[in-house]
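Enquirer:
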Amino acid sequence: MKWDDLARQLTDVPQGSGRCVFAALHSLDDGSCLGRYPKDGPQVKVSEILQLKKAFRDPTMLYSSGITLKDMRFTYVKVEKNALLGRTTRLACLVMQTDKVYIICVYPGDELTKHVFYNCQGVYERIRSA
Numbered sequence: 005m006k007w008d009d010l011a012r013q014l015t016d017v018p019q020g021s022g023r024c025v026f027a028a029l030h031s032l033d034d035g036s037c038l039g040r041y042p043k044d045g046p047q048v049k050v051s052e053i054l055q056l057k058k059a060f061r062d063p064t065m066l067y068s069s070g071i072t073l074k075d076m077r078f079t080y081v082k083v084e085k086n087a088l089l090g091r092t093t094r095l096a097c098l099v100m101q102t103d104k105v106y107i108i109c110v111y112p113g114d115e116l117t118k119h120v121f122y123n124c125q126g127v128y129e130r131i132r133s134a
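So in the working numbering, spot 54 of the sequence shown is number 58, and the numbers just go up one at a time.
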């Protein structure tokens, strides 16, 4: 499976359709990066993934710490289904936990979260069927 291609799928959609500016897939087991797009620039750290792993067990901890991705701090907004949602003044993030991977998306704050969530679900379906 080409993990980078799956991450790229989340960035290669038209604006207004849930386009992400950054997407990554990380192992549920050890937090290692399986794929990301774009490749340049900082990536999500394993320590940040391990913190998110704890947050999925107890999301209330995020009220004080927020969600940190790529050294950016997002204010925790809520949990929706199997996803943590966060925001800054210009960006938003969605971290989806599946049975195999974490799907991480950073997207412009004016993109609708429901579109990003839908696109993440599509990537998850491709992973499950592989």
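Positions of the beta carbon are idealized from the N, C-alpha and C atoms, including for glycine.
1) Going by the C-beta, is residue 44 closer than 6 Å to any heavy atom of the ligand FAD?
2) Along the chain, which unbroken stretches of the alpha helix (DSSP H) at least 4 residues long are found entirely within the region 39 to 95?
3) Using beta carbons (cut-off 7 Å, strictly below), is residue 73 in contact with chain D?
4) Any idea what DSSP makes of residue 37, helix, strand or coil?
5) Whole angstroms is fine: what's the gap from residue 95's alpha carbon to residue 129's?
6) Would you check if the distance between the CB atom of residue 127 and the CB atom of residue 19 is smaller than 7 Å?
7) So what does DSSP say about residue 17, is it helix, strand or coil?
8) How many whole angstroms separate the CB atoms of residue 135 and residue 78, which I take to be in contact at a CB cut-off of 8 Å?
9) Which word fits residue 117, buried or exposed, when buried means at least 16 other C-beta atoms lie within 10 angstroms of its C-beta?
Expert: Checking against the coordinates, here is how it stands:
1) Looking at this structure, you won't find the ligand FAD or any other ligand, since it has none at all.
2) 50 to 61 and 66 to 69
3) Absent from the structure is chain D; it holds one protein chain and no more.
4) Here the question's residue 37 lines up with position 33 in the sequence shown. Strand at residue 37.
5) Looking up residue 95 in the sequence shown gives position 91. Looking up residue 129 in the sequence shown gives position 125. Cα to Cα, residue 95 sits roughly 26 Å from residue 129.
6) Position 123 of the sequence shown, counting from 1, holds the residue named residue 127. Position 15 of the sequence shown, counting from 1, holds the residue named residue 19. No, the Cβ-Cβ distance between residue 127 and residue 19 is not below 7 Å.
7) Residue 17 sits at position 13 when you count from the first residue of the sequence shown. Residue state, collapsed to three classes: coil.
8) What is shown of the chain runs 5 to 134, which leaves residue 135 out entirely.
9) The residue you call residue 117 lines up with position 113 of the sequence shown. Burial call: buried.
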